[in-house]
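Residue numbers (full-length UniProt numbering): 1 to 574.
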């Protein structure tokens with residue numbers, strides 16, 4: 001799971017390490033600052049990731065009175081080590097600021113559904129004075145998430161690593177505050193070196209942290225007489241649930257037994273406690289898919305591992321080809337399924353979904369212990385043509401994914417809908433039906449959400465598109481656009497013609513003899529036509545001109561009525 005290294009860079013981390021009474025057989029360490037010991041421990045943790053958790057993501061965040069992301073989530077652990085060497089000193093310790101920064105970064109990268117590990121490395125001082133953080137801890141729920149994030153809005157374990165002596169007064173004062181942080185989060189631990197501070201004790205401290213939280217899983221996958229050593233990424237976490245009078249805590253066994261196979265359609269997509277990538281292990285305990293590249297080594301055992309037949313490859317290929325899943329047992333009364341999952345068209349992986357402990361975790365399949373081979377039944381439960389299923393699933397009906405609802409959770413969704421309307425508007429009248437369909441879809445959603453400003457903005461955009469129509473556009477385009485933006489602007493007038501649920505297409509008729517008419521307001525509008533249609537037109541009356549599309553001509557009083565007509569002479573010249 002993703003890991004956040006939250007490093008305290010306050011001035012107290014620059015205190016010298018007390019090595020005044022070293023043991024007789026122990027040499028005095030050169031590292032004299034607590035921040036150097038913290039960096040040494042973080043290097044040990046990153047080395048473990050590079051060796052055993054190559055698929056995990058980690059990031060480095062420093063905090064004092066402000067929070068700074070030194071390295072975002074990455075699998076390049078060497079870059080995190082380099083960032084550790086460039087850490088700048090801060091001022092005072094403010095754990096609130098660090099926890100808020102870590103929570104915000106995790107939510108931006110992973111959302112609120114991904115379990116994460118947060119390793120808080122500090123010097124054992126919760127802040128300035130004995131009452132530091134006490135106000136925040138006394139009323140955490142009355143403050144916003146931007147001020148105090150615990151409990152985190154996502155599953156997380158908080159481990160507080162203190163680079164301090166257990167007998168230090170500052171640590172003794174801060175320890176109850178750290179324990180309160182762990183209680184608010186729900187999971188985690190407080191770790192402190194045993195004995196005096198030294199490079200050796202800090203290394204042992206981080207080794208204990210790795211053992212408790214970052215140990216890789218090594219097990220064996222069994223299927224009849226076939227078996228293969230495997231590892232799971234990320235490592236499976238113990239299942240813990242609190243009941244009224246007991247606490248249930250179970251862990252995944254080292255032996256995973258395949259019980260049988262089911263059609264993918266029968267299992268569908270059941271709820272899972274966790275999902276893991278299944279990787280084969282070599283005899284040395286390394287992942288086969290990630291061998292070490294060492295061109296100068298004479299040991300060819302790494303290359304030979306790829307030539308040995310692997311049961312994982314056989315199982316993955318069979319599940320993918322037959323479109324089936326393997327029901328397996330991962331513990332006492334604890335089950336899961338193995339299946340082939342493809343992240344793209346060319347690459348697929350063997351995955352393990354672990355259910356919550358229990359015998360009836362898939363409701364439509366009943367108790368899993370009652371399942372057995374279909375060949376032992378007197379009749380085939382799947383029918384003579386394998387076209388039916390014994391489980392209450394509708395496999396014959398094709399599901400429709402054409403949703404009518406409009407989702408504008410993010411800005412991109414709204415922008416995409418508006419751009420789609422504009423694309424249809426520029427292709428009028430060919431896309432008239434599609435234009436009104438998308439327009440009414442957005443209009444209904446805006447009215448449902450009370451988003452009147454959107455309709456006004458969309459009307460302005462359509463009006464601008466109408467004025468920018470090229471001269472070669474069809475006259476129907478301007479008529480339809482004008483009708484559309486007028487209807488949008490009158491959405492709140494109940495007496496208007498546009499108060500209905502839909503904006504319908506406006507009808508228009510054109511002929512070469514009647515190209516335009518004089519309006520009652522004394523203004524004559526020349527209607528937009530195709531380029532070849534308005535060539536050769538002229539005004540007969542007080543004015544003589546060849547109009548362009550969209551020209552507005554004012555009717556002069558006491559003058560003969562102007563008449564638009566085609567001039568055969570001009571048409572012949574053109």
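Ideal Cβ positions, reconstructed from N, Cα and C, are used throughout, including at glycine.
Strand pairing of residue i, partner residues [DSSP]
i	result
residue 374	DSSP, once it has assigned bridges, lists no residue as partnering residue 374.
residue 261	326
residue 156	116
residue 341	349
residue 161	121 and 191
residue 228	221
residue 240	249
residue 279	231
residue 255	220
Sequence-distant residues of the same chain with beta carbon closer than 6 Å to residue i, five excluded per side
i	result
residue 68	62
residue 103	149 and 152
residue 457	none
residue 41	202 and 206
residue 220	227, 229 and 255
residue 352	276, 278, 336 and 338
Between the CA atoms of residue j and residue i - distance to the nearest angstrom
i	j	result
residue 241	residue 338	24 Å
residue 202	residue 64	22 Å
residue 431	residue 424	6 Å
residue 319	residue 206	41 Å
residue 87	residue 358	48 Å
residue 183	residue 120	15 Å
residue 311	residue 356	26 Å
residue 116	residue 122	19 Å
residue 342	residue 349	6 Å
residue 81	residue 446	50 Å
residue 313	residue 280	9 Å
residue 100	residue 127	16 Å
residue 263	residue 382	10 Å
residue 475	residue 484	15 Å
residue 360	residue 371	11 Å
residue 16	residue 43	20 Å
residue 488	residue 464	14 Å
residue 197	residue 365	57 Å
residue 434	residue 389	41 Å
residue 621	residue 58	The structure shown does not extend to residue 621, since the chain spans only 1 to 574, so no value can be given for it.
residue 238	residue 210	16 Å
residue 56	residue 233	8 Å
residue 174	residue 190	11 Å
residue 110	residue 450	32 Å
residue 155	residue 112	8 Å
residue 363	residue 48	41 Å
residue 6	residue 98	7 Å
residue 550	residue 486	Confidence at residue 550 is low in this model, with a pLDDT of 44, below 50, so the placement of that residue is unreliable and no value is reported for it.
Sequence-distant residues of its chain with Cβ nearer than 8 Å to residue i (five each side left out)
i	result
residue 171	124, 125, 162, 164, 165 and 192
residue 418	442, 458 and 461
residue 251	236, 238, 239 and 331
Coarse secondary structure for residue i, derived from DSSP in three states
i	result
residue 97	helix
residue 197	coil
residue 436	helix
residue 274	strand
residue 350	strand
residue 334	strand
residue 169	helix
residue 426	coil
residue 389	coil
residue 188	strand
residue 454	helix
residue 213	helix
residue 503	coil
residue 309	coil
residue 449	helix
residue 475	helix
residue 355	coil
residue 408	coil
residue 596	The requested residue 596 does not occur in the structure, where the chain is confined to residues 1 to 574.
residue 484	helix
residue 207	helix
residue 126	coil
residue 366	coil
residue 202	helix
residue 417	helix
Residues of its chain near residue i, where Cβ-Cβ distance is below 7 Å and the 5 sequence neighbours each way are ignored
i	result
residue 477	428, 429 and 469
residue 10	64, 90, 91, 92 and 93
(message) For a minimum of 4 consecutive residues, which ranges assigned as the alpha helix (DSSP H) are wholly contained in the UniProt domain "VWFA" (3–124)?
(response) 34–52, 77–84 and 95–110
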